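Taking my numbering, the leading residue of the sequence shown gets 3, the next gets one more, and so forth.
Note that the Cβ used here is the ideal one computed from N, Cα and C, for glycine as well.
Since the structure is predicted, the reported quantities are computational estimates derived from the model, not experimental observations.
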Amino acid sequence: MQQVAIIGAGPAGLMAAYRLVKNKVKGVLVIDYGNEPSKRKCPLEVTSVCTKCNPCKILTGVGGAGLISAGRLNLRPDIGGDLEALTGSNKKAWNLIKEVDNFFLKFGASRKVYGDRPEVKFLERKSAAAGIKFIPIRQRFIGSDNSVKVISNIYNYLREKGVKFLLKTKVLEIKKQNKQYLLETTNGKIKTKFLVIAPGRYGANWLSHQAEKLGLEKKFEPIDVGVRVEVPALVMDPVTEVSLDPKFHIYSRTYDDFTRTFCVNERGFVVKEVYDELILVNGHAMYEKKSENTNFAFLVRVKLTEPVENTTAFGRQIAKQANILGGGKPIIQKLGDLERGRRSTWKRIKSNHVKPTLTDVTPGDLALVLPHRILTDILEGLNMLDKVISGINSASTLLYAPEVKFSAHRIVTNKNLEAAENLFVAGDGAGVSRGIVTAGATGLIAAEGVIEKLGRG
Ligand SMILES: Cc1cc2nc3c(=O)[nH]c(=O)nc-3n(C[C@H](O)[C@H](O)[C@H](O)COP(=O)(O)OP(=O)(O)OC[C@H]3O[C@@H](n4cnc5c(N)ncnc54)[C@H](O)[C@@H]3O)c2cc1C
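As structure tokens, then:
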């Protein structure tokens, strides 16, 4: 029997394992559906002309989703989650950020920090004048092409410290048996005393079903739906030179909806994010390989109330609609075409000034994909953003869809992220984070919870 089994080897699962072995906890097993770091060839495949590499397992394997892709570390407790609300302490929240940062530095992340230049103040002022809030933030960048090395260092260290990894193994069912948990996996059954579930966005739906079966309480969180915007890097340079992943928060004029930039990839690539039944878009940037463009997600926050609170179903429906209209591929449209009420065609995309970095897409019409309210928020938001980043709202700007951020089901827990006796959750899949650093921090919190209980005997 295992002492502690961790489902998911993303940042949350890896940091939970790290904290456990640091506290000399024995019998730690990490189970992941994907492969070991050196066998994850995804980031370089899923870039511009990916017609044959599908389905790429960008979301699964040691390192999880984001580490192996862009690997941008946002060093703030209120970005990608709310660690202060989770821990009930501002000091503890910042300590967790520091600990996650030190973790990545220890395993080879670059020491260079972005976002603490004096020009940040100017950007804040310019944004305020346009009715936009710019969020100053310190960032570190691992980079897709450096990430395999960093993750391999983490993987090797944990194994040296006695952590066992069971890879290419999917956990199918979680059952409670007396005071233990029984995991039915594609590689047989595993018994464990403590369980940390950190399945990321890939496993969010699965976790939600398991939670129902185990009788765990869950609630729906707002969902972020929108597009990936791609512009010439030159347009974004004045901002990305100041802040690597600039975060602008906007309230749209017509609907007063919260709309934001997210995951900015300077000279990066738009990529496909492949799920079992859906294809979404995302973006990544690499340390060495650069494109001519910069891309970012432009997302509208949607909260539903009665009679339907299920934001996940809502987001899936939009993504499904986009996939149907795109013939199983993401849709691309020129902003100018969208504004003129016509679909884009390959002819128009090919003659466009901005060349797409993802070409395994279908030129189409986002007006048929996104609800009017979301589309209005996006168009108004881009218009406002143009006052800070001149050129964003150009006719040649490319929009890709569907971009949906699904960390929608929040598993209800105590402050140690314990949802049922000896069952802990962490990371994006449990709705307690939305980014690498916060996911890692929740892994630390869950592990501390396990350690606290072990200490009590
Ligand atoms: C392309 C892309 C770029 C991103 N860029 C950034 C960025 O620059 N900065 C940032 O902060 N965030 C970024 N993110 C978000 C970031 O990836 C996540 O917030 C973070 O990885 C969440 O960590 P996690 O440990 O909760 O889950 P994940 O990293 O998703 O890991 C979960 C793991 O669980 C495994 N798993 C799931 N279900 C099962 C099961 N049933 N059995 C066994 N294993 C299972 C999966 O294989 C996966 O490896 C990006 C995401 C993507 C997709």
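DSSP lists no beta-bridge partner residue for Y35.
One thing to note: I156 has its Cβ no nearer than 8 Å to the Cβ of L216. Taking every protein chain shown into account, the CB of R230 has 16 or more other CB atoms within 10 angstroms, so this residue is buried. Going by beta carbons, I438 and V276 fall outside the 8 Å limit. A check of alpha carbon separations from A432 across A7, A200 and P138 identifies A200 as the nearest. Scanning its chain for C-beta atoms nearer than 6 Å, with the 5 sequence neighbours on each side dropped, one finds around T347 the residues P365, in chain order.
Here DSSP, grouped into helix, strand and coil, assigns E86 to helix. Ligand 1 has no heavy atom closer than 7 Å to the beta-carbon of E232. Straight-line spacing of the CA atoms in P138 and R119 works out to 10 Å. Excluding the 5 residues flanking it on each side, K220 has same chain C-beta neighbours closer than 7 Å at S210, A213, H411, R412, I413 and V414, in chain order. The Cβ atoms of I281 and F408 lie no closer than 8 Å to each other. Between D278 and the set G270, T307, F300 and K322, the nearest pair of CA atoms involves K322. With distances taken between CA atoms, V406 lies nearest to K274 out of F167, K274 and Y35. When Cβ pairs closer than 8 Å are counted between the two stretches, the stretch 256-265 is seen not to touch the stretch 104-124, the count staying below three.
Residue nearest to P39 within the set K172, L246, N418 and L16 is L16 (criterion: CA-CA distance). Contact between G82 and A11 does not hold, since the beta-carbon distance rounds to 19 Å and is not under 8 Å. In terms of CA proximity to V304, F316 leads the group F316, N297, L337 and T296. Closer than 7 Å to some heavy atom of ligand 1: that does not describe the Cβ of V229. When only Cα atoms are considered, V237 and S396 end up about 10 Å apart.
Counting along the chain, the unbroken beta strand (DSSP E) around T263 starts and ends at F260 to N267. At a threshold of 7 Å, T171 counts as near ligand 1, since its beta carbon sits closer than that to one of the ligand's heavy atoms. Secondary structure at N297: strand, using DSSP grouped into helix, strand and coil.
For P79, the distance from the CB to the nearest heavy atom of ligand 1 is not below 7 Å.
The residues L419, in chain order, have a CB closer than 6 Å to that of I447 in the same chain once the five nearest residues on each side in sequence are set aside. A distance below 6 Å between beta-carbons, with the five flanking residues on each side excluded, links E86 to the following residues of its chain, in chain order: P79, N92 and A95. For a cut-off of 8 Å, the C-beta gap from G164 to K28 is around 7 Å, short enough to register as a contact. Less than 8 Å divides the Cβ of G445 from the Cβ of A14. A direct Cα-Cα distance of roughly 10 Å separates R21 from E101. Distances from the CB of E223 to the heavy atoms of ligand 1 are all 7 Å or more. Here DSSP, grouped into helix, strand and coil, assigns K114 to coil.
Not one heavy atom of ligand 1 lies closer than 7 Å to the C-beta of D103.
Taking the CA atoms as reference points, K135 sits about 20 Å from V227. Take V173, set aside five residues on each side of it, and the residues of its chain with a beta-carbon closer than 7 Å to its own are I9, I33, L185 and T187, in chain order.
In this structure V283 is buried. Its beta-carbon is surrounded by 16 or more other beta-carbon atoms within 10 angstroms.
Assignment of V356 by DSSP, reduced to helix, strand and coil, places it in the coil class.
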